[in-house]
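Novice: Just passing along the structure, written as structure tokens.
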Amino acid sequence: MYPLFKQPYNGINHYLIQPISYFLVIFLLFTQIVNCSNEHTPLQDSPKTTITTSPTHSPPWQKTELSNPQQRVLSPSKTDTQDNMLESACIIVDISAQKLSLYRSCKLLENKLVESSFIVSYPVSTSKYGIGNQARSNKTPLGLHRIEQKIGANVPSGMIFKARQSTGKIAEINQAGAGDLVTTRIMWLTGLEPNKNQGAGIDSYQRYIYIHGTVEENKIGQPASHGCIRMNNLDVIELFDQVKEGTLVDIREKIAVVTQ
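See the structure below:
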């Protein structure tokens with residue numbers, strides 16, 4: 001027979017030690033779960049940092065940049081849309097034929113403009129006073145020029161300009177007595193040949209020699225201007241949209257095309 005004190009001792013092992021073991025296992029599992037949850041909880045000392053860029057410090061080329069380049073819609077009548085303009089184009093004006101021709105490819109060889117790849121011709125009207133370079137002569141100058149400034153992008157056809165400023169008034173085309181109005185678009189020319197169309201008393205830029213639209217479309221094709229090169233209003237819009245500031249313009253008494 002076993003001693004009496006052994007039965008209570010064995011009871012303690014069976015009824016107390018086993019629950020303690022279970023409790024330890026549960027405690028270990030609980031601490032593991034708490035540790036895992038803490039790994040996914042953001043620290044209070046490390047808030048999320050957001051980087052913002054102030055538009056006042058953005059480079060100018062970023063201010064008009066679109067997130068999606070396909071959102072950009074080009075308008076061919078805007079001066080800042082260079083995509084539709086010809087890089088190496090030039091304009092030849094033939095006074096004898098009252099014609100202006102646009103060429104795709106042009107270059108200077110020994111101070112002479114060589115044009116190739118003809119695109120289109122337009123009827124024009126040069127001075128009714130003839131050919132000349134003197135200030136206040138109202139004559140059309142000869143020689144090599146450059147488009148110094150383009151004026152009037154996006155204004156309606158027939159818009160009247162005064163001193164190169166839009167008046168907000170639309171001309172009535174072919175209205176009798178309208179006079180020498182400048183309409184629709186202006187391409188202001190500067191002379192490139194000293195002692196011919198550049199310099200004191202003969203300077204094409206200071207004489208305000210333009211390629212421009214006119215109210216007297218019924219006189220296009222014959223000399224009728226006061227020194228400028230007039231065009232039909234729709235024609236001058238089309239030309240304006242194809243050329244850049246800096247495009248070379250050669251005004252010739254009679255056409256003599258040199259091609260390569």
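1 is the number of the first residue of the sequence shown in the UniProt record's numbering; add one for each residue after it.
For every residue, glycine included, the Cβ atom is placed at its ideal position computed from N, Cα and C.
It should be emphasised that the depicted structure is a prediction, and the values quoted were computed from it without experimental measurement.
What ranges does the beta strand (DSSP E) occupy inside the stretch 95-163, keeping only unbroken runs of at least 3 residues that lie completely in it?
Specialist: 99-109, 112-125, 143-151, 159-162
Novice: For Lys-254, does the three-state DSSP call read helix, strand or coil?
Specialist: Assignment of Lys-254 by DSSP, reduced to helix, strand and coil, places it in the coil class.
Novice: Tell me, please, which residues DSSP counts as bridged to Leu-248.
Specialist: Cys-90, Arg-146
Novice: So which of Gly-213, Ile-92, Thr-190 has the shortest CA-CA distance to Ser-157?
Specialist: Gly-213
Novice: Using C-beta distances below 8 Å, list every residue in its chain close to Gly-132, excluding the 5 sequence neighbours before and after it, in chain order.
Specialist: Lys-139, Thr-140, Pro-141
Novice: Is it true that the CB of Ile-229 sits closer than 7 Å to the CB of Val-124?
Specialist: Their beta carbons are under 7 Å apart, which means Val-124 touches Ile-229 by this criterion.
Novice: Here's the rule I'm using: 16 or more other beta-carbon atoms within 10 Å means buried, otherwise exposed. How should Gly-227 be labelled?
Specialist: buried
Novice: Can you have a look at residue 329 and say buried or exposed, based on whether 16 or more other CB atoms are within 10 angstroms of its CB?
Specialist: Because the chain in this structure spans residues 1 to 260, residue 329 falls outside the shown range and cannot be described.
Novice: Let me confirm a value: Ala-171 is counted as buried when at least 16 other C-beta atoms fall within 10 Å, else exposed. Which label applies?
Specialist: buried
Novice: Classify Asn-232: buried if its beta carbon has 16 or more other beta carbons within 10 angstroms, exposed otherwise.
Specialist: buried
Novice: So, under 8 Å CB-CB, Cys-90 and Thr-247 are touching, yes? Tell me the CB distance rounded to an integer number of Å.
Specialist: 6 Å
Novice: Would you identify the three-state DSSP class for Lys-196, choosing helix, strand or coil?
Specialist: coil
Novice: When DSSP builds the beta bridges, which residues end up paired with Ile-170?
Specialist: Met-159
Novice: Just to confirm before moving on: does the CB-CB distance between Tyr-103 and Glu-115 stay below 7 Å?
Specialist: yes
Novice: Could you name the residues that DSSP lists as bridge partners for Ser-204?
Specialist: None; Ser-204 has no bridge partner.
Novice: Hey, out of Asn-111, Phe-161, Thr-126, whose CA is closest to Gln-222's CA?
Specialist: Thr-126
Novice: With DSSP collapsed to three states, give me the class of Ser-75.
Specialist: Here Ser-75 scores only 33 on pLDDT, less than 50, and its place in the model should not be relied on; the value that follows carries that caveat. If DSSP states are grouped into helix, strand and coil, Ser-75 belongs with coil.
Novice: Within a Cβ cutoff of 7 Å, which residues of the same chain sit near Leu-144, ignoring the five residues on either side of it in sequence?
Specialist: Leu-113, Leu-192, Glu-193, Leu-248, Asp-250
Novice: In three-state DSSP terms, what is Leu-189?
Specialist: The DSSP-derived three-state label of Leu-189 is strand.
Novice: If you run the structure through DSSP and keep just helix, strand and coil, what is Pro-47?
Specialist: The predicted position of Pro-47 is uncertain, since its pLDDT is 42 and thus under 50; a value taken from the coordinates is nonetheless stated next. It is coil, neither helix nor strand.
Novice: In the DSSP assignment, what residue or residues form a beta bridge with residue 262?
Specialist: The first residue shown for the chain is 1 and the last is 260, placing residue 262 beyond what the model contains.
Novice: Just tell me which of Gln-198, Ile-211, Leu-181 has its CA closest to the CA of Ile-151.
Specialist: Ile-211
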